[in-house]
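Enquirer:
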Amino acid sequence: MAVYAWTPHATAEAMRLVRSVFQSRTTPLSTRELYKLVTQQTPQTPVDPPPPQVSVKRAGVVNQVPYPPHPEHPIRSMRYLKQVVLPAMMANHEIEKFHTKVTPTEAEIAQRLAAMSKAQRKARQSSLSSSAVDAWFWRTRSAPPPKPKEPKEEKPYGEEVGVGEDWSHLNKRRQRARERKVGEAVKFMKQVDAVRRSAERRAALAAQPEASSSAPTPLQSSS
Numbered sequence: 061m062a063v064y065a066w067t068p069h070a071t072a073e074a075m076r077l078v079r080s081v082f083q084s085r086t087t088p089l090s091t092r093e094l095y096k097l098v099t100q101q102t103p104q105t106p107v108d109p110p111p112p113q114v115s116v117k118r119a120g121v122v123n124q125v126p127y128p129p130h131p132e133h134p135i136r137s138m139r140y141l142k143q144v145v146l147p148a149m150m151a152n153h154e155i156e157k158f159h160t161k162v163t164p165t166e167a168e169i170a171q172r173l174a175a176m177s178k179a180q181r182k183a184r185q186s187s188l189s190s191s192a193v194d195a196w197f198w199r200t201r202s203a204p205p206p207k208p209k210e211p212k213e214e215k216p217y218g219e220e221v222g223v224g225e226d227w228s229h230l231n232k233r234r235q236r237a238r239e240r241k242v243g244e245a246v247k248f249m250k251q252v253d254a255v256r257r258s259a260e261r262r263a264a265l266a267a268q269p270e271a272s273s274s275a276p277t278p279l280q281s282s283s
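Sequential numbering of the sequence shown, starting at 61, is according to this note's numbering.
1) Note down, one range per segment and in chain order, each beta strand (DSSP E) of at least 3 residues found wholly within the segment 89–152.
2) Determine the DSSP secondary structure at Ala70, reduced to helix, strand or coil.
3) Expressed to the nearest angstrom, what Euclidean distance is found between the alpha-carbon atoms of Ala254 and Asn152?
4) Taking the C-alpha atoms as reference points, what is the distance between Val63 and Ala175?
5) Can you tell me whether Val223 is helix, strand or coil according to DSSP?
6) Since Leu89 and Trp198 should fall inside the 8 Å C-beta cutoff, what is the C-beta to C-beta distance between them, to a whole number of angstroms?
7) Taking the C-alpha atoms as reference points, what is the distance between His229 and Met150?
8) Does the beta-carbon of Pro208 have 16 or more other beta-carbons within 10 angstroms, so that it is buried, or is it exposed?
9) Please report how far the alpha carbon of Glu219 lies from the alpha carbon of Met249, in whole angstroms.
10) Bridge partners for Glu156 per DSSP, in chain order?
11) Assign Thr67 to one of two classes, buried (16 or more other C-beta atoms within 10 Å of its C-beta) or exposed (fewer than that).
12) How should Arg136 be labelled, buried or exposed, when 16 other C-beta atoms within 10 angstroms of its C-beta is the threshold for buried?
13) Express the C-alpha separation of Val78 and Lys142 in angstroms, rounding to a whole number.
14) Provide the residue span of the alpha helix (DSSP H) that contains Gln268, from first to last.
15) Out of Pro109, Ser84, Gln113 and Asp108, point me to the one whose CA is closest to Gln101's CA.
16) Run the CB neighbour count on Val145, radius 10 Å, all protein chains shown included, and call it buried at 16 or more, exposed below.
17) Evaluate Tyr140 with the Cβ neighbour count: other Cβ atoms within 10 Å of its Cβ, from every protein chain shown; 16 or more gives buried, anything less gives exposed.
18) In its own chain, which residues sit with a C-beta less than 8 Å from the C-beta of Ala271, not counting the 5 before and 5 after it?
19) Buried or exposed: which applies to Phe158, given that a residue is buried once 16 or more other Cβ atoms fall within 10 Å of its Cβ?
20) Taking the beta carbon of Thr87 as the centre, do at least 16 other beta carbons fall within 10 Å, making it buried, or is it exposed?
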């Protein structure tokens, strides 16, 4: 039974460090590459490691649970990064994981061959050097482009009295009559607008303070 639990969720500092690594890179990263780079980052707020954990077995044996590789770092282990932090950032639509095929490097081929028996190495050496292997990488998600603003449709002057309407269904005589009627209505609207603007100007002038009337005249100041 564990007597202390490490932080089970992705902390703000852990996610900040991961973002910092992605901002400094222009290419996608594997989980192993990301873990190596992020643990090299200096945290703003180091973690205070909890007391040692112990587990008690049925026989009464008390064992101390080993600390993660980086107990004082916000990314304390590969498991924490892989199973907690990265899924949280993916749920926030900050990053995404994608699949591709890559050709292994000479170091990766040598590492795989070293784990094989002599017979397996002889059979697989040529195929490993030429075949692409499955690989998963992480990358930041690009922000969606802003939606273009729809152009504001300007209404023609006099629309409310019939300007811009389709009269193609009318015969020529009715079309001419409708044009005269709408033209007279537009002319009247312009006259009303002109009167309104003139009244607004007069009201604005009347509301302005008369500086000349409040200022003393030379005779008033001398007396």
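Cβ atoms here follow ideal geometry from the backbone N, Cα and C, with glycine treated the same way.
Expert: Let's see:
1) 113–116 and 122–125
2) coil
3) 57 Å
4) Its pLDDT being 44, under 50, Val63 is placed unreliably by the model, and the measurement read from it follows with that caveat. Between the alpha carbons of Val63 and Ala175 lies a gap of roughly 38 Å.
5) coil
6) The Cβ separation is near 5 Å, so the contact holds.
7) 59 Å
8) exposed
9) 11 Å
10) Arg199
11) exposed
12) With 16 or more Cβ atoms within 10 Å of its Cβ, Arg136 is classed as buried.
13) 12 Å
14) Following the DSSP letters along the chain, one finds Gln268 in no alpha helix (DSSP H), marked with neither H nor E.
15) Ser84
16) buried
17) buried
18) Any answer about Ala271 is weak, because its pLDDT of 48 lies below 50 and its placement is not dependable; what the coordinates show is given next. Excluding residues within five positions, none has a Cβ falling inside 8 Å.
19) exposed
20) exposed
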